[in-house]
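To start, the structure under review is shown below, and the notes come after it.
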Amino acid sequence: MHLLLYVFVLAFIPGRTPLKYTLVLNKFIGRCSGTNPKSSFDNIKISYMPSGDLSLDFDIVIHRPVRDSLKSTWIVERCASREALDTCSHFAEFNTTKFCNIISKAGSAWSSFMSCIQPKYSCPLKKITYFGRNCTVDPNRFFFPITGSYWKIKSEIVDGRDNALFMCLFFEGGVSVQH
3 MHLLLYVFVL
13 AFIPGRTPLK
23 YTLVLNKFIG
33 RCSGTNPKSS
43 FDNIKISYMP
53 SGDLSLDFDI
63 VIHRPVRDSL
73 KSTWIVERCA
83 SREALDTCSH
93 FAEFNTTKFC
103 NIISKAGSAW
113 SSFMSCIQPK
123 YSCPLKKITY
133 FGRNCTVDPN
143 RFFFPITGSY
153 WKIKSEIVDG
163 RDNALFMCLF
173 FEGGVSVQH
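Everything in the sequence shown is counted per the working numbering, starting at 3 for the first residue and increasing by one.
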C-alpha cells in the first residue's frame with residue numbers, strides 16, 4: 003500500500019520564528035513482503051488534522067496469541083533523496099526487549115495513540131482484531147531534525163520465546179522546510 007501524506011508541523015525553536023515543516027510519507031506497509039507474522043497492521047488510513055496531529059484508522063489482526071515476551075528492532079536508513087535510493091545507508095538501529103512495557107507506559111509520547119485502540123491493546127495479546135479509530139499522534143512529540151534527507155524505516159517485532167516474527171512494518175518518507 004502506498005500512501006502520500008502531507009502534514010504541516012510547526013517546530014518551535016526558542017528565539018526564532020517557528021518553521022513550517024512538511025512531512026511526506028510515501029509508503030506505509032503494515033506487513034513486510036515475504037513474511038508470515040503472528041499479526042498484521044491492516045486497513046491503514048492516515049489523515050491530517052487542522053491541529054497538526056495525525057489521525058489514524060487501522061486494524062491490528064493478531065493471528066496467534068502472544069505473551070509479554072515481545073522484542074523490537076527499528077532499523078533506520080538515510081538516503082540523499084527519494085530519487086537516489088542507491089545512496090541509502092544505515093543511520094541507526096534501536097532495540098528493546100521490553101516492548102510490552104513500552105507500549106503500556108503512561109505519560110509517554112504514544113499514550114494517547116495506544117489508549118484509543120479497542121479492545122485495550124496490552125500484553126498478553128489475544129487472538130483477536132484490535133481496532134484503532136481516530137487515533138491521534140502529535141508529530142511534535144517525536145520531532146527531531148531529519149530535514150534534507152529521505153528516510154526508510156523498518157520495524158520488526160518478534161516473540162522473545164521463539165523469535166517468531168510478530169509484526170513487521172515498513173515506511174519511508176521525508177521532511178522538508180517550507181520557506
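The beta-carbon is built from N, C-alpha and C at its ideal position, and this holds for glycine as well.
Just so we're clear, the structure is a prediction, and the values are computed from it rather than from any experiment.
Which residues share a DSSP beta bridge with residue i?
i: M51; result: Answer is none; M51 lacks a bridge partner.
i: C125; result: Answer is none; C125 lacks a bridge partner.
i: R94; result: Before going further, note that residue 94 is Ala rather than Arg in the sequence given. DSSP lists V78 as partners of A94.
i: C137; result: L58
Do you know offhand how far residue i's Cα is from residue j's?
i: I48; j: T138; result: 10 Å
i: L171; j: D44; result: 10 Å
i: K129; j: E158; result: 19 Å
i: L56; j: K154; result: 19 Å
i: P121; j: Y152; result: 35 Å
i: K156; j: V68; result: 21 Å
i: S53; j: F101; result: 29 Å
i: T89; j: G150; result: 13 Å
i: R66; j: D140; result: 31 Å
i: T37; j: E85; result: 27 Å
i: G134; j: N165; result: 26 Å
i: S41; j: F93; result: 27 Å
i: T131; j: S35; result: 21 Å
i: P63; j: S110; result: The sequence as given places Val at residue 63; Pro does not occur at that position. Their backbone Cα atoms lie some 24 Å apart in a straight line.
i: Y123; j: V160; result: 17 Å
i: N136; j: W112; result: 14 Å
In three-state DSSP terms, what is residue i?
i: C81; result: strand
i: G162; result: coil
i: I104; result: helix
i: T131; result: strand
i: D44; result: strand
Going by beta carbon distance, what residues of the same chain come within less than 7 Å of residue i, once the five residues before and after it are set aside?
i: G162; result: S71, L72, K73 and T99
i: P39; result: R33, L167, F168, M169 and C170
i: L87; result: C81
i: P126; result: P67, V68, R69 and D70
i: S91; result: E79 and R80
i: S83; result: Y152
Spatial neighbours of residue i within its chain, please: C-beta separation below 6 Å, excluding the five flanking residues on both sides.
i: M51; result: S57
i: N97; result: T75
i: N28; result: E174 and G175
i: I77; result: E95 and K156
Would you call the stretch 114-125 and the stretch 92-106 touching, i.e. three or more CB-CB distances under 8 Å? The stretch 92-106 and the stretch 114-125 touch, with three or more beta-carbon pairs separated by less than 8 Å.
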